[in-house]
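Accompanying notes for the structure given below.
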Amino acid sequence: MYIVMRPESGERLVEEKQSSHSGKEGEKVSQKDGDEKDGDGKDGAKRGGHEGGHGEEEVNIKEKPLLRLAIMGKKSLPDPNKRGRPSWGYIDLVSTNIDDIKAAMKGEEYDTATRGHRHTAAARALAEGIYRILRHQSGRQNHTHLIYKLEFPVLDAAGVSGPQESPLEALNIDHEASFLIQIKNPEQPGGSQFRGLPEKRKAAFPASLQGCFGQKRFSPSDPPDFLNYEGCEFLLISASDDIEEELGLELKTECDDDEKCSSDLLQMFGDAASTKPLLSGTWE
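Residues are numbered in my numbering as their position in the sequence shown, beginning at 1, plus a constant of 1.
This is the structure we're talking about:
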């Protein structure tokens, strides 16, 4: 299950991200201009065999699209009926180039030494909405919530998107939901919850972010810049399917006030992924 996140507003218009010459983003840049070094001439897409995001640069999210492609390990969102049980995911690609995300969504065929010929199906656009990452304090505990509300598929008068809503149900996607989000410390073992990424694929955060962990294995996603590094591992823990009741916050989408609102996802990625599930709420 892919999740594409694009921050368009926040406390800061300028966010810190990985060097555009690191990780998969760096490989794509190198393919385009034939340059294996980053802006200061010291770092390439792979630093000492390291394939995760590293380095740092700033991006103004009002001037450039900052896109994060996340992959959920269980191929779905956390089960809302199993609150407290974490689901693992990671940031697979970070880029300010929309074409990089499009390419990642297309199917491919390749050969491996252990599994032979493999085929990856192209992505299908299933849902679109708005999201926020919020600080929240419960007692003495500070944590962060990832909350979202869908815009597409459009709900009918009865509050149901599509005839049976089966694709959304299959992937545990509610019309709105709240998750606790925790960032994994790449310098600490993951424990028994998950194996996680190989060392070479983990993010190498700059000191300003790595210092947020201290000796802890997990940290709140504060600041959200953690998610701007390929190889950033995170846990989502189902918290609520009623954001207003839980957090006292009502998410307003463009479609709440405009029945003719258009899909940004369709405009951005419509030529790279099947959009039937997004528009009809069904696979076929």
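Idealized CB from N, CA, C, for every residue including glycine.
Here S167 is near T283, since their CB atoms are less than 8 Å apart. Within the same chain, and ignoring the five residues on either side of L147 in sequence, the residues whose Cβ sits closer than 6 Å to its Cβ are I134, F180, I182. By DSSP's assignment, L135 forms a beta bridge with H146.
Distances from the CA of A171 to each of P278, L68, V30 were compared; the closest alpha carbon is that of P278.
Looking at F206, R218, D175, the one whose alpha-carbon comes closest to that of Q189 is R218. Non-local C-beta neighbours of I244 in its own chain, meaning closer than 8 Å and more than five positions away in sequence, comprise I148, K150, E177, A178, S179, L250, E251, L252, ordered along the chain.
Remark: C-beta atoms of A126 and L169 do not approach each other more closely than 8 Å. Our two residues, E247 and A240, have alpha carbons roughly 8 Å apart in a direct line. Listed as beta-bridge partners of L151 by DSSP are G130.
Under the three-state reduction of DSSP output, S220 falls in the strand class. Remark: fewer than three beta-carbon pairs, one from each stretch, lie closer than 8 Å, so the segment 117 to 124 and the segment 87 to 100 are not flagged as touching. Counting only the Cα atoms, R13 lies some 24 Å from N186. Beta-bridge annotation (DSSP): F180 is paired with L147, S239. The beta carbon of H137 is closer than 8 Å to those of N143, H144, T145, H146, L248 in its chain, skipping five residues each way along the sequence.
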